[in-house]
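Let me begin by presenting the structure, written as structure tokens, before commenting on it.
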Amino acid sequence: MAARESPLLLAGRIAAAGGFQLIFTLRCRILRRTIPGIETDVKKLVFLLCCATGVMAQTGEIRNPRTSPEDVAAGAMIFRSHCAQCHGIHGEGGRGANLAVGIFYHGSSDADLLRNISEGIPGTEMPGTFFSDNQVWQVISFVRSLSERAVETRVAGKPAAGEPLFRGKGGCAQCHKVNGEGGRLGPDLSNIGSSRSVKHLREALEKPDSEVLPAFWRVSVTDRNGKSYSGFRLNEDTYSIQILDMEERLHSFSKKDLQSLKIEKTSVMPSYATVFSDRQLGDLLAYLSSLRRKARTQ
Ligand code: HEC
Ligand code: HEC
């Protein structure tokens, strides 16, 4: 792949990486939106031009221009309607990261927040938005105001007492990896405390079926010879489906060859609602929420 890229494009990349990424991405975002069907080569050229002009227009640090109390109030409205379902009404986290601690793994500068909120964060559930930059700045002012009146997101348990429950009584490590150790049937939990609130973690333990990501839906199929398979729904399109079975083997089927296909949106994770004492549950939650990334140093 890399060999096919022109030196010009490479230069563009280096320029973009050199701190002008914001201007670059903003301009390109606008261009992408206005000319979606344009040929790739032309697009590359246009990208390059934006980089070049981005370099010239670069004038020091980018600062939030919308920080008045009215802006914070306007940002709060947008946050409630578009962000709270994942980040919690007070930014305390849930499906999305805790935004109330004032430290952001993906970058804490105004420029970082503008990029992450406008563009989304690739490879995560954090979506991009279609707000104007002014609106995004208002949301940023609101998000910044959250850490000034931080909400309680800690639990009254001991992480050190939770870890043995994770590995022992809970049997969690059979399915979940933490820092490279553990099974692969469930998601890697090494950084789970950075991206999920205590409330979400508690729900995941007590009611695993309430929110199951599509990659963890379960599929059972019978092929044309009458042989049955079951596993996670890794991928699916109109004509085919890929399944990862419980022994972590990958199976791919053409749908027209199947006698039956059943999808269940429930979790393979058992409910732990009655397994632990309240105190043990507190310790386990404290352990999970201590599994965090450190903020990236800039
Ligand atoms: C569909 C759920 C969802 C919605 C809606 C959503 N986010 Fe997120 N957001 C996430 C997730 C998940 C992450 C954590 C990504 C990761 O690091 O794995 C995240 C991360 C972030 C981060 C970076 C946190 C960090 O530590 O660097 C910011 C800032 C953020 N979101 C702000 C917003 C704002 C503002 C909105 C509304 C305009 C919003 N998000 C809407 C799911 C969501
Ligand atoms: C049989 C395998 C299995 C066991 C045992 C298991 N899990 Fe899970 N877990 C899963 C799977 C699969 C998912 C993803 C589907 C879902 O959301 O339920 C999951 C999801 C989760 C999530 C939600 C992750 C997220 O991104 O929101 C948490 C937290 C979690 N497990 C913690 C635990 C803890 C703690 C234990 C032990 C007390 C445990 N699990 C035991 C398979 C397992």
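Per the working numbering, the very first residue in the sequence shown carries number 282; after that it's consecutive.
Note that the Cβ used here is the ideal one computed from N, Cα and C, for glycine as well.
Note that the structure is predicted; figures quoted are calculated from it, not measured.
Quiz item: Expressed to the nearest angstrom, what Euclidean distance is found between the alpha-carbon atoms of G401 and L395?
Solution: As a first step, residue 401 is located in the sequence shown; it is residue number 120 there, counting from the start. As a first step, residue 395 is located in the sequence shown; it is residue number 114 there, counting from the start. If you draw a straight line from the Cα of G401 to the Cα of L395, it comes to about 10 Å.
Exercise. Closer than 8 Å by C-beta to R573: which residues in its own chain qualify, once you throw out the five before and the five after it? Chain order, please.
Key: Residue numbering aside, residue 573 sits at position 292 when the sequence shown is read from its first letter. Only N472, G474, S475 meet the Cβ criterion.
Practice problem: Spatial neighbours of Q561 within its chain, please: CB distance less than 7 Å, with the 5 preceding and 5 following residues excluded, ordered by chain position. | Solution: Position 280 of the sequence shown holds residue 561. So the qualifying residues of the chain are L446.
Practice problem: Assign G507 to one of two classes, buried (16 or more other C-beta atoms within 10 Å of its C-beta) or exposed (fewer than that). | Solution: Start at 1 with the first residue of the sequence shown, and residue 507 comes out as number 226. By the 10 Å Cβ count, G507 comes out exposed.
Practice problem: Give a single yes or no on whether A355 has its beta carbon closer than 7 Å to a heavy atom of ligand 1. | Solution: Here residue 355 corresponds to residue number 74 of the sequence shown, with the count starting at 1. Not so, every heavy atom of ligand 1 lies at least 7 Å from the Cβ.
Quiz item: When the Cα atoms are used, what is the spatial distance from G495 to N345?
Solution: Here residue 495 corresponds to residue number 214 of the sequence shown, with the count starting at 1. Here residue 345 corresponds to residue number 64 of the sequence shown, with the count starting at 1. Here residue 495 is Pro; the residue named in the question, Gly, does not match the sequence. Looking at the two C-alpha atoms, the distance is approximately 37 Å.
Quiz item: DSSP state of Y553, grouped into three classes?
Solution: The count along the sequence shown starts at 1 and reaches residue 553 at position 272. Looking at Y553 - three-state DSSP - the assignment turns out to be coil, as it is neither helix nor strand.
Quiz item: Can you tell me the Cα-Cα spacing of A442 and G467, whole angstroms?
Solution: By 1-based counting over the sequence shown, the position of residue 442 is 161. By 1-based counting over the sequence shown, the position of residue 467 is 186. So the two alpha carbons sit approximately 22 Å from each other.
Exercise. Rounded to whole angstroms, what's the CA-CA distance from G409 to L566? Just pull it up for me.
Key: Translated into the one-based positions of the sequence shown, residue 409 becomes position 128. Translated into the one-based positions of the sequence shown, residue 566 becomes position 285. C-alpha separation (whole angstroms): 30 Å.
Exercise. Give the straight-line distance between the Cα atoms of V420 and Y510, rounded to the nearest whole angstrom.
Key: Translated into positions along the sequence shown, residue 420 becomes position 139. Translated into positions along the sequence shown, residue 510 becomes position 229. Computed Cα separation, rounded: 47 Å.
Quiz item: With a cut-off of 8 Å, do at least 3 Cβ pairs link the stretch 545-555 to the stretch 489-503?
Solution: The stretch 545-555, when compared against the stretch 489-503, does touch it at the 8 Å Cβ threshold.
Quiz item: Nearest to D504 by CA position, among L542, W418, Q366, is which residue?
Solution: Position 223 of the sequence shown, counted from the first residue, corresponds to residue 504. For D504, the nearest C-alpha among the options comes from L542.
Quiz item: For ligand 2, any of its heavy atoms closer than 7 Å to the Cβ of R477?
Solution: As a position in the sequence shown, residue 477 is number 196, starting the count at 1. Indeed, a heavy atom of ligand 2 lies less than 7 Å from the Cβ.
Quiz item: Roughly how many whole angstroms lie between the Cα atoms of R376 and C364?
Solution: Counted from its first residue, the sequence shown places residue 376 at position 95. Counted from its first residue, the sequence shown places residue 364 at position 83. Roughly 10 Å between the two C-alpha positions.
Self-check item: Those residues which DSSP pairs with T503 across a bridge
Solution: Residue 503 sits at position 222 when you count from the first residue of the sequence shown. T503 is bridged to S509, S541.
Quiz item: Any heavy atom of ligand 2 within a distance shorter than 7 Å of the CB on L380?
Solution: By 1-based counting over the sequence shown, the position of residue 380 is 99. L380 Cβ: outside cutoff for every heavy atom of ligand 2.
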